[in-house]
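In my numbering, the protein residues as written are 262 to 740. C-beta: ideal position from N, C-alpha, C; glycine also. Only one structure is covered here, and it is reproduced in the block below.
Rendered as structure tokens:
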């Protein structure tokens, strides 16, 4: 079958926002937000309590994001919840009042769209919270609840808050705060489908799906896709799958996944022995131990061989997220690793995603430490910011970096290079993750002689290019 994915995603640069920690603005008319007790903005992140970031604050930062070159935002959950991460939903039809409620969201959506910025929401449809109305009804009415079969009850009594006895209901990863839906139940299934449809009709541009692989009901995601795409054929559906995702990327379910199969090898190649495993929440995506260029090429070619090219162009590529330590902390503050990995991120097929604060050097270990408050400008690493901004601009400038073919050109020692080609436009990207400055040669398919990013030397010598790249740096070269 022919696979179709949203065209706009191929040209997107995403910015992932953890709303509690990104920006806080209290509008004059909102006495409620002014009254909410919050923790200090620079306080150490915690699993409980709120820093008070909200959607009014995001609205005030839209000009900043637009100037950076961002044209799509992916929000971690924003629905009413009793946690700062909001992965335990109370009400799927209400934006959390601490974030500004539905009024703030509709204002944000309008103002983002006015700037050409798409908005993707996080859909937590595998599980809900203990405070979700339908589950709370089961807690109150037991076997007499009309919503009993929306969940998997394993015995009585239910113990949603007592850790010294069995919860007696199925929950995600055994966390009793996260009761799982029974996705085989027609009414529960229909409820989730209608939530998905509702917010697409409200104008969002897609869904990022939390732990979708845990939903085993046959045909669930096929139906979800069909119903979402009927409303908006260009809606983006991206799943949180950390490994081989072929069973979900067949053209009938997701348009892409969070591409941790790119993340891990890229960090391992750029960071090498600098990566400290103490910061790894999980090593499932293999950012450690370090690898050389031939191994990196092998892993990239294996990744590119997994899926249809249409899928690769709408993968959500990332270096870190709310679920991982930030790269800058994983490598002990080594700026070169961040720069090299960002160069590879911005030149790889698919949509690059920047986790809020990465562009200014915000540190953070495994969660919740990776959810620190966005820093004031006086705390920014302006070199890292400039690096990000330049690369984003180059991605927008050169169509080949977005939808061009990808061809490995060299992999030797710590030097890796590839070309991106679209029509008569061709770019060569070469990175040197080593500590020396070797001269490498490439048999050119195009006259790559003009360096548009980075510093180094490139000369045409007879039938090959001779390239010298300084230690721990990268180049983008055009014809």
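Between the beta-carbon of residue 676 and that of residue 645 there is about 23 Å, and that puts the pair past the 8 Å contact cut.
Taking the Cα positions, residue 617 is about 8 Å away from residue 635. Of the candidates 311, 303, 489, the residue whose Cα lies closest to the Cα of residue 297 is 311. Counting the other CB atoms within 10 Å of its CB gives residue 598 a total of 16 or more, which places it among the buried residues.
C-alpha of residue 732 to C-alpha of residue 715: approximately 12 Å in a straight line. Each residue's CA atom was taken as its position, placing residue 534 and residue 576 some 28 Å apart. Among the bridge pairs identified by DSSP, residue 519 is matched with 577.
According to DSSP, residue pairing for residue 736 in a beta bridge involves 691. Taking all protein chains in view, the Cβ of residue 558 is crowded by 16 or more other Cβ atoms within 10 Å, so the residue is classified as buried. Exclusion of the five residues before and after residue 514 leaves 482, 483, 486 as the residues of its chain whose Cβ lies within less than 7 Å of its Cβ. Just measuring C-alpha positions, the residue of 530, 573, 572 sitting nearest residue 552 is 530. Selection 666, 652, 725, 427 evaluated against residue 737 yields 652 as nearest (Cα-Cα). If you check the CB distance, residue 704 and residue 685 do not come in under 8 Å. Comparing alpha carbon positions, the residue from 428, 591, 438 closest to residue 524 is 591.
The DSSP-derived three-state label of residue 572 is helix. Rounded to the nearest angstrom, the Cβ distance from residue 681 to residue 662 is 5 Å, consistent with a contact under 8 Å. At a cut-off of 3 residues, the continuous stretches assigned as beta strand (DSSP E) that sit fully inside the segment 591 to 674 are 612 to 616, 666 to 673. DSSP, read as helix, strand or coil, puts residue 350 in strand. Residue environment: residue 293 is assigned as exposed (fewer than 16 neighbouring CB atoms within 10 Å of its CB, all protein chains considered). Fully enclosed alpha helix (DSSP H) runs of no fewer than 4 residues occupy 280 to 283, 292 to 296 of the segment 267 to 303, in order along the chain. Contact between residue 378 and residue 356 is ruled out by a C-beta separation of about 18 Å, above the 8 Å threshold. At a Cβ-Cβ threshold of 8 Å, residue 471 and residue 600 do not count as neighbours. Residue 549 carries a coil assignment under DSSP once its states are collapsed to helix, strand and coil. With respect to residue 393, residue 316 sits apart: the two C-beta atoms are not nearer than 8 Å. It is roughly 18 Å from the alpha-carbon of residue 569 to the alpha-carbon of residue 503. In the displayed model, residue 399 falls within a helix according to three-state DSSP.
Sequence-distant Cβ neighbours of residue 406 in its own chain, meaning closer than 6 Å and more than five residues away, are 398, 399.
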